[in-house]
Amino acid sequence: MPILAGSATATGPALPTITLQPFATANSSATPPQSKPDDIANLNGNLFVTYQNGVGPDGSPSPTGVFQSTVVEYAPNGNVVQSWLLLGRCDGLGADPANNRLLASVNEDNNSSLYSITPGVADPLHLSYSPNPSQIAPGESSPNGGTDSIAVGPTGKVFIAHSNPDPGFPSTAATYTARLKGTDALLEPLFNVDSRAKDVVTGKETKLALTDPDSNSLIPASAPTLGGTLLQDSQGDGIVVIVKNPSTKHPSLASLTLHNAETPSLQPTIDDISEVTGPGTLYVVDQGAGTVQTIDTAGFTPGTLVVAQPSDSTTTPPTTGQLGVLDPATGVITHFANAFSSPKGLVFVAH
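So for the sequence shown, the working numbering puts the first residue at 220; every next one is plus one.
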């Protein structure tokens, strides 16, 4: 199914020509019925997809009483290999090849915890965070704070987004590192929501004011664009924080403000970023359609940063679910595919 013939833009990167192919669909006959796929990860050639099944962002049951998410393992041909049920809403899913496991976060707004999933093992290991990412400031009636996207380095270092941080704590963590010990996930801030960062465009140092850390992506050191960095997007703020040397105690930060090439007045609120380094397959989770689609990347320019823009009916004008190409020098996103209901998770697998 051809989507769009791409070309080079006047000021930005080339837009690819793509063809979508179906890979997986939510199984409505499963128990519980699968719906709302969100994140995706690749481990040892198999794909793992989390289905949130309507569970609330704090773990509250769906309108039909469902309180578990489903993580499904697929073979490269799309056949189901195994599945796991997790208590809560699974928001982040990261592959840890060094330890042959998946790490899954649940409940992005509150009541958050972590699961470790080993392929071939029936039961996931449930871990508690220490300290709790949820906080409550004096005068507040309820706490805020959870965890979302997970990225794992080649040696097993774990990076976790601190989602929905409590506004009463203006210096709280934006991204954590995590060390797993028994049934505890020990958290340490990598950088904070108000850390200082260099603006990519102006070159000036600025103080961050992040309110919505969401998806992150660890770019391989060998990648042609931003190799060796951790990209942490703050979705509601329209900002990507570029973390250089993320595995060190003192990483350097750069801030990239996002802009919409087609509708400059409409702030991008991207959900995921994936770098296409050459020929391979880009897997795209379409939450609105309940599907996973694939794109052959043979025609992509190596180093292309692909972003997923979910649909949002509350913006003016309403935001259409699309894929786009991010220019890392300017922050401008140029969209190239809109045959999606609401794209979310992305993962690129090289051939």
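We put the CB at the ideal spot given by N, CA and C, even for glycine. All values reported here derive from a predicted model rather than from experimental measurement.
In this structure R308 is buried. Its beta-carbon is surrounded by 16 or more other beta-carbon atoms within 10 angstroms.
Residues L450, D452, L475 of the same chain have their beta carbon placed closer than 6 Å to that of V459, with the five preceding and five following residues left out of the count. Here the C-alpha atom of S279 lies approximately 15 Å from the C-alpha atom of G364. Per DSSP, reduced to three states, the secondary structure at Q301 is strand. When beta bridges are read from the DSSP output, E327 appears opposite no residue.
Rounded to whole angstroms, I355 and H570 show a C-alpha spacing of 47 Å.
If the five residues before and after D456 are omitted, its C-beta is found closer than 8 Å to the C-beta atoms of A428, L429, T430, D431, all from its own chain and listed in chain order. For A569, the enclosing beta strand (DSSP E) starts and ends at 562-569. Taken atom to atom, the span from the alpha-carbon of G543 to that of G446 is near 20 Å. Contact between the segment 482-496 and the segment 413-420 is absent: fewer than 3 CB-CB pairs across the two stretches fall below 8 Å. In the three-state scheme derived from DSSP, where H, G and I count as helix and E and B as strand, A243 is classed as strand. Rounded to whole angstroms, the Cβ separation of L406 and S324 is 11 Å, and the two are not in contact under 8 Å. At least 9 Å separates the beta-carbon of V568 from that of L524. A distance below 6 Å between beta-carbons, with the five flanking residues on each side excluded, links I379 to the following residues of its chain, in chain order: T366, I369, Y395, A397. The alpha-carbon separation between A249 and G311 amounts to approximately 21 Å. Note on V420: under 16 other CB atoms within 10 angstroms of its CB, so exposed under the neighbour-count rule.
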